[in-house]
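Novice:
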Amino acid sequence: MLPGASVTRIPEGASAPGAASFINNSLTALNALDALQLTAGATLLVTGAAGSVGGYLTQLAHHAGLRVITIAGPGDDALVRTFGTTEVVHRGPHAAADVLALIPGGVDAVADAALLGDDIVDAIRDGGQLATFRPHHGDPGRGIRVHGLNVRQRAMDHAAITHLRDLVNEGALTMRVGPVLPAADAPEAHRLLDAGGVRGRIILEFPVH
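Quick note: to get my numbering, add 2 to the position in the sequence shown (first position is 1).
Shown next, in the form of structure tokens:
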């Protein structure tokens, strides 16, 4: 059983896998943007932009009027541009330097969906912000504020959950369904996750009795 505050109607015309695919990742993304509290026109760097959380971060940030810089693989440029990114930087050891070449002085904030941690801190301006989805140990210095986030903080935020559903209905967010597997194939789902490169949420379907 789920609390009523954690439940809302599914998006219009959504399949069950589609409805299941978006809420956890989009709520994770919204939680990060709410913590950063950037104003329209600010620069946000999203790492792992082709993944589920990174894609929703990009779409939500674009919808909020932010200038969005994304880090993604070379084969994902076209995909992340559909999410509303302004510029794409390819992942790799020189990604932070490449961001600084685009934004001298650094971006206002990083939403680190790819868990790059210290490897991307140099791309943040003095006094900027870092939103991270895993514990970040240590102080990045230069007055950078670190937000350690967990989507469970918003699990009963009915207004936020319904707002995200409405954004799907408006076309501002897209449901990105990856492989849909029977629940008995859960080991295969883990194999796919470990292999990386899944562009969408893996869904397990349980039999209905």
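Positions of the beta carbon are idealized from the N, C-alpha and C atoms, including for glycine.
Tell me whether residue 196 is buried or exposed, calling it buried when 16 or more other Cβ atoms sit within 10 Å of its Cβ.
Specialist: Here residue 196 corresponds to residue number 194 of the sequence shown, with the count starting at 1. It is exposed - the Cβ of residue 196 has fewer than 16 other Cβ atoms within 10 Å.
Novice: With a threshold of 8 Å on Cβ separation, who are the neighbours of residue 66 within its own chain once the five nearest residues in sequence on each side are excluded?
Specialist: The count along the sequence shown starts at 1 and reaches residue 66 at position 64. Cβ neighbours of residue 66 beyond the five flanking positions: 35, 40, 42.
Novice: Taking residue 15 as the reference, which of 172, 28, 92 has the closest Cα?
Specialist: Against the sequence shown, residue 15 aligns to sequence position 13. Among 172, 28, 92, the Cα nearest to that of residue 15 is on 172.
Novice: Tell me the residue span of the beta strand (DSSP E) that contains residue 92.
Specialist: Walking along the sequence shown from the start, residue 92 turns up at place 90. Segment 89-92, the beta strand (DSSP E) holding residue 92.
Novice: For the alpha helix (DSSP H) containing residue 131, name the first residue and the last one.
Specialist: In the sequence shown, counting from the first residue as 1, residue 131 sits at position 129. First-last for residue 131: 126-134, but that is the beta strand (DSSP E), not the alpha helix (DSSP H).
Novice: In angstroms with no decimal places, state the Cα-to-Cα distance between residue 25 and residue 142.
Specialist: The residue given as residue 25 occupies position 23 in the sequence shown. The residue given as residue 142 occupies position 140 in the sequence shown. Whole-angstrom Cα-Cα distance: 31 Å.
Novice: Looking only at its own chain, which residues have a Cβ that is under 6 Å from the Cβ of residue 78, when we skip the five neighbours before and after it?
Specialist: Position 76 of the sequence shown, counted from the start, is the residue given in the question as residue 78. So the list reads 52, once near-sequence residues are dropped.
Novice: Determine the DSSP secondary structure at residue 189, reduced to helix, strand or coil.
Specialist: To locate residue 189, count along the sequence shown from 1; it is residue 187. Residue 189: helix per DSSP, three-state reduction.
Novice: If I measure Cβ to Cβ from residue 2 and keep anything under 7 Å in the same chain, skipping five residues before and after, which residues do I get?
Specialist: Lying outside 3 to 211, the shown extent of the chain, residue 2 is not represented and no answer is given.
Novice: Would you mind reading off the limits of the alpha helix (DSSP H) that contains residue 30?
Specialist: Here residue 30 corresponds to residue number 28 of the sequence shown, with the count starting at 1. Residues 18-38.
Novice: Are the beta-carbon atoms belonging to residue 135 and residue 118 less than 9 Å from one another?
Specialist: Start at 1 with the first residue of the sequence shown, and residue 135 comes out as number 133. Start at 1 with the first residue of the sequence shown, and residue 118 comes out as number 116. Contact: no.
Novice: Can residue 205 and residue 181 be called in contact, C-beta distance under 9 Å?
Specialist: Taking the first residue of the sequence shown as position 1, residue 205 is located at position 203. Taking the first residue of the sequence shown as position 1, residue 181 is located at position 179. Result yes, Cβ atoms of residue 205 and residue 181 sit closer than 9 Å.
Novice: Cα separation between residue 48 and residue 9?
Specialist: Counting from 1 along the sequence shown, the entry for residue 48 is found at position 46. Counting from 1 along the sequence shown, the entry for residue 9 is found at position 7. Their backbone Cα atoms lie some 28 Å apart in a straight line.
Novice: Using CA atoms only, rank isn't needed, just tell me which of 123, 75, 104, 103 is closest to residue 93.
Specialist: For this step, residue 93 is matched to residue 91 along the sequence shown. Comparing Cα-Cα distances from residue 93 to each of 123, 75, 104, 103, the minimum goes to 75.
Novice: Whose CA, out of 81, 183, 85, 126, lies closest to the CA of residue 113?
Specialist: Mapped onto the sequence shown, residue 113 falls at position 111. Residue 113 has its Cα closest to that of 126, out of 81, 183, 85, 126.
Novice: Nearest-angstrom Cα distance between residue 70 and residue 4?
Specialist: As a working mapping, residue 70 is identified with position 68 in the sequence shown. As a working mapping, residue 4 is identified with position 2 in the sequence shown. Approximately 35 Å between the Cα atoms of the pair.
Novice: My understanding is that residue 56 touches residue 116, with C-beta atoms under 8 Å, so please give their C-beta distance in whole angstroms.
Specialist: The residue given as residue 56 occupies position 54 in the sequence shown. The residue given as residue 116 occupies position 114 in the sequence shown. Going by Cβ atoms, the distance from residue 56 to residue 116 rounds to 7 Å, so yes, they are a contact pair.
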